[in-house]
Amino acid sequence: MLLIGFLVWLAVFHWQTQRALRWWFEQQHHWLCREAEQVRNGPLQNTFVMRRQLEMNLEMNSEMNSERNSEALSNPLTQQPAWMAQVTQLNGQLVGQLVRLSDELSPPYLETSLPLALQAWAQEEGLSGLLLCLPSRWPVEPTLRVSLLLSMLTHLLRGAMSGGDGPAAIALELAERSPLGIGRIGVLTIRLEYPTVAAARAAGRSPQWALLSRAFAVLAPGRCTRRRQAQRMVWQFRWRLSPDPSPPDAELRLNSD
Numbered sequence: 017m018l019l020i021g022f023l024v025w026l027a028v029f030h031w032q033t034q035r036a037l038r039w040w041f042e043q044q045h046h047w048l049c050r051e052a053e054q055v056r057n058g059p060l061q062n063t064f065v066m067r068r069q070l071e072m073n074l075e076m077n078s079e080m081n082s083e084r085n086s087e088a089l090s091n092p093l094t095q096q097p098a099w100m101a102q103v104t105q106l107n108g109q110l111v112g113q114l115v116r117l118s119d120e121l122s123p124p125y126l127e128t129s130l131p132l133a134l135q136a137w138a139q140e141e142g143l144s145g146l147l148l149c150l151p152s153r154w155p156v157e158p159t160l161r162v163s164l165l166l167s168m169l170t171h172l173l174r175g176a177m178s179g180g181d182g183p184a185a186i187a188l189e190l191a192e193r194s195p196l197g198i199g200r201i202g203v204l205t206i207r208l209e210y211p212t213v214a215a216a217r218a219a220g221r222s223p224q225w226a227l228l229s230r231a232f233a234v235l236a237p238g239r240c241t242r243r244r245q246a247q248r249m250v251w252q253f254r255w256r257l258s259p260d261p262s263p264p265d266a267e268l269r270l271n272s273d
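So for the sequence shown, my numbering puts the first residue at 17; every next one is plus one.
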C-alpha cells in the first residue's frame with residue numbers, strides 16, 4: 017500500500033514538474049517573440065530609413081555635381097542640416113535600441129556579482145518606488161542561476177503590475193543566511209505593497225505563481241515561496257550558496273546617486 021502511494025505521489029510530482037517547465041519554456045518563447053517583433057519594428061525600420069536618407073542624399077549630391085555647384089562640392093553635407101539632424105537622431109535611436117536588446121539577451125554583470133546584476137536590472141526596469149537593499153560583497157554565482165533570478169523577477173513584477181491595482185511600493189532585499197545544519201543559503205526577498213487588502217489578495221491568486229515556484233525549484237535548484245501579510249505580498253527565493261568565499265572583484269560598487 018505504501019509503495020502504491022509513493023508511486024502515485026511520484027507520478028503527480030513528475031506531472032507537476034513537467035507542467036511547470038513547459039509553462040516556463042512558453043514564457044521564454046513569448047518573450048523572444050516580443051523581442052524579435054521589437055527588432056523588426058525598431059532597429060530594422062530605422063536602418064531602412066537611414067539607408068533611404070543616404071540614397072536621397074547621394075542623388076541630391078549627384079544633381080549638384082552635374083550643375084557644377086562649387087560651393088556644394090566643397091561642403092555638400094552642410095547643405096542639408098535637416099537631413100544630418102534626422103540621420104543623427106535615427107542613429108541615436110538605433111544605438112539605444114541595440115544596447116537595450118543586448119542587455120535583455122545578456123544582462124550586465126551576470127558573471128561578476130549578483131548584487132551588481134540586480135542593481136543594473138532595477139535601473140533598466142525603471143521601477144518607481146523601488147527600494148533596494150543589497151550587500152556589498154557576495155559569492156560568485158553560476159551564470160545560469162543569476163539569469164534565472166533576473167528573468168523570474170521580471171516576470172513576477174510585470175505580472176504583478178498588469179492588473180488594475182498594481183503595487184504602490186516595491187522593496188527588494190538580498191541577504192545571506194546560515195541555518196543550522198543547512199549551510200549558507202542566499203535569500204532574495206521581494207515585498208509588494210498594495211493599496212488595499214483586496215488588491216493584495218487578488219494578486220496572489222494567479223495560478224501562474226505556483227508554476228513559477230515549481231520551475232524555480234527545479235531549475236535553480238532552490239525554493240520559492242509567497243505569502244500575504246494584509247496589504248503586502250512577500251516573495252522569497254532561496255538557494256544554496258557556494259562554500260567558496262567571495263573574491264575581491266565581486267564587491268558591489270553602488271552608484272553615488
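No residue lacks a Cβ here, since even glycine has one placed at the ideal position from N, Cα and C. Only a predicted model underlies this, so the values are computations on that prediction, with no experimental measurement involved.
Three-state class that DSSP yields for residue i in the structure shown
{"i": "T212", "result": "coil"}
{"i": "G202", "result": "strand"}
{"i": "E192", "result": "strand"}
{"i": "A185", "result": "strand"}
{"i": "W40", "result": "helix"}
{"i": "L18", "result": "helix"}
{"i": "T241", "result": "strand"}
{"i": "W251", "result": "strand"}
{"i": "L110", "result": "helix"}
{"i": "S152", "result": "coil"}
{"i": "L257", "result": "coil"}
{"i": "L134", "result": "helix"}
{"i": "L166", "result": "helix"}
{"i": "T33", "result": "helix"}
{"i": "R207", "result": "strand"}
{"i": "L126", "result": "coil"}
{"i": "L147", "result": "strand"}
{"i": "R221", "result": "coil"}
{"i": "E141", "result": "helix"}
{"i": "E157", "result": "coil"}
{"i": "G175", "result": "helix"}
{"i": "L89", "result": "Confidence at L89 is low in this model, with a pLDDT of 47, below 50, so the placement of that residue is unreliable and no value is reported for it."}
{"i": "A27", "result": "helix"}
Short Cβ contact (7 angstroms threshold) for residue i with residue j
{"i": "R239", "j": "R256", "result": "no"}
{"i": "E140", "j": "D119", "result": "yes"}
{"i": "P124", "j": "A138", "result": "no"}
{"i": "L130", "j": "E157", "result": "yes"}
{"i": "I186", "j": "L134", "result": "no"}
{"i": "L106", "j": "V65", "result": "yes"}
{"i": "S258", "j": "P155", "result": "yes"}
For residue i, the nearest candidate out of the options (CA to CA)
{"i": "Q34", "options": "R244, L227, A236, A101", "result": "L227"}
{"i": "C149", "options": "L126, E127, L132", "result": "L132"}
{"i": "R207", "options": "S152, A246, D119, F41", "result": "A246"}
{"i": "A215", "options": "L204, A138, E189, R248", "result": "R248"}
{"i": "R174", "options": "A219, G199, M17", "result": "A219"}
{"i": "R161", "options": "T104, T128, N62", "result": "T128"}
{"i": "L126", "options": "R67, T205, S163, R244", "result": "S163"}
{"i": "L188", "options": "G108, T170, Q32", "result": "T170"}
{"i": "R242", "options": "S258, S222, R67", "result": "S222"}
{"i": "Q43", "options": "G199, S152, W225, L196", "result": "W225"}
{"i": "D181", "options": "L166, R217, R153", "result": "R217"}
{"i": "A176", "options": "A52, L18, Q61, L143", "result": "L143"}
Closer than 6 angstroms: residue i CB and nearest the ligand MG heavy atom
{"i": "A219", "result": "The ligand MG is absent from the structure shown, which contains no ligand whatsoever."}
CB-CB length for residue i against residue j, believed under 8 angstroms
{"i": "E209", "j": "A191", "result": "With a Cβ gap of about 19 angstroms, E209 and A191 do not count as contacting."}
{"i": "V213", "j": "Q252", "result": "Not quite, the Cβ-Cβ distance comes to about 21 angstroms (not below 8 angstroms), so this is no contact."}
{"i": "L114", "j": "T63", "result": "No, L114 and T63 are not in contact; Cβ-Cβ is about 10 angstroms, not under 8 angstroms."}
{"i": "A36", "j": "V234", "result": "7 angstroms"}
{"i": "W40", "j": "A231", "result": "4 angstroms"}
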